[in-house]
């Protein structure tokens, strides 16, 4: 199984290099370079115009352990809509990384990364955000573009439903085709009268799974403030071979994300 996973990882890395430019071409003399991205995720729907933090999740690989992530750049058009994102990384050139051409074996492994990009609050509309390097973008195709919608809020509050205060979503990083995949939700309840709702809504659109963990209220004259941790495992179903995002909403317009591969 280990060799099979390693082979799949190698195919993914080679594909990323082929579509976004080899790492040797982005290094050059500069200390800060743009990283090729394997994939970008954003839920196609579910955001409204009073969500304070529309998120995009970027995934890729650093060439070796002598690269360190720095800023994520976002370009916007004349109307303020995000249209392009890029992830930068710094090449470390001191200590054991001083000789880039003669690194020890333990530093030569590629390093996977996941970056959460905050696009902020966005007005109602349709959005298309490119994540390929500029020199590899092709206007004739939709490769490297994520599309999503922002709709008008149904209620004046941040959340349409009362979400639980979610702190983490854990999904096994690598699974196999045909296997039922579980996500473990963890968080904190803040009142003696609240519980995690019996049913957690799960919807899947393409390669994004949206999880909506609501809360239920119990009538009581003594709803004291008390912190109670919760944990629940939910079934996401089976998936075809691909890389997926679990995007779980949390209270206050926030979200918790987890990326996994089948």
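Numbering (this note's numbering), first residue to last: 1 to 262.
Glycine included, each C-beta is placed from N, C-alpha and C at the ideal position.
The structure presented is a predicted model; accordingly, all values stated were derived computationally and were not measured.
Quiz prompt | Separation of residue 216 from residue 197, as counted between CA atoms | solution = The residue you call residue 197 lines up with position 197 of the chain shown. The residue you call residue 216 lines up with position 216 of the chain shown. Roughly 5 angstroms between the two C-alpha positions.
Practice problem: Note down, in chain order, each residue of its chain lying with its Cβ closer than 6 angstroms to the Cβ of residue 263, except the 5 sequence neighbours on either side. | Solution: Outside the displayed span of the chain (1 to 262) sits residue 263, for which this structure offers no information.
Quiz item: Roughly how many angstroms separate the alpha carbons of residue 109 and residue 64, rounded to a whole number?
Solution: For the purposes of this step, residue 109 is identified with residue 109 of the chain shown, where counting begins at 1. For the purposes of this step, residue 64 is identified with residue 64 of the chain shown, where counting begins at 1. Using only the alpha carbons, I get a separation of about 5 angstroms.
Quiz prompt | Where residue 214 falls: helix, strand or coil (DSSP) | solution = Position 214 of the chain shown, counted from the first residue, corresponds to residue 214. In this structure, residue 214 counts as strand in the three-state DSSP scheme.
Exercise. Work out the CA separation of residue 97 and residue 150 for me, nearest whole Å.
Key: In the chain shown, the residue the question calls residue 150 occupies position 150. In the chain shown, the residue the question calls residue 97 occupies position 97. The straight-line gap from Cα to Cα measures roughly 44 angstroms.
Quiz item: How many Å lie between residue 263 and residue 258 at the Cα?
Solution: What is shown of the chain runs 1 to 262, which leaves residue 263 out entirely.
Quiz item: So the beta strand (DSSP E) residue 187 belongs to, where does it begin and stop?
Solution: In the chain shown, counting from the first residue as 1, residue 187 sits at position 187. 181-191 is the extent of the beta strand (DSSP E) around residue 187.
Exercise. Measure the CB-CB distance between residue 261 and residue 124 and report whether it falls below 9 angstroms.
Key: As a first step, residue 261 must be located in the chain shown, where it is residue number 261. As a first step, residue 124 must be located in the chain shown, where it is residue number 124. It is not a contact, given that the beta carbons lie outside the stated cut-off.
Quiz item: What's the gap between the Cα of residue 223 and the Cα of residue 95?
Solution: Counting from 1 along the chain shown, the entry for residue 223 is found at position 223. Counting from 1 along the chain shown, the entry for residue 95 is found at position 95. Straight-line Cα distance between these residues: approximately 57 angstroms.
Self-check item: Same chain, Cβ closer than 6 angstroms to residue 226, neighbours up to 5 away in sequence not counted
Solution: Sequence index remark: in the chain shown, residue 226 carries index 226 (1-based). Answer for residue 226: 192, listed in chain order.
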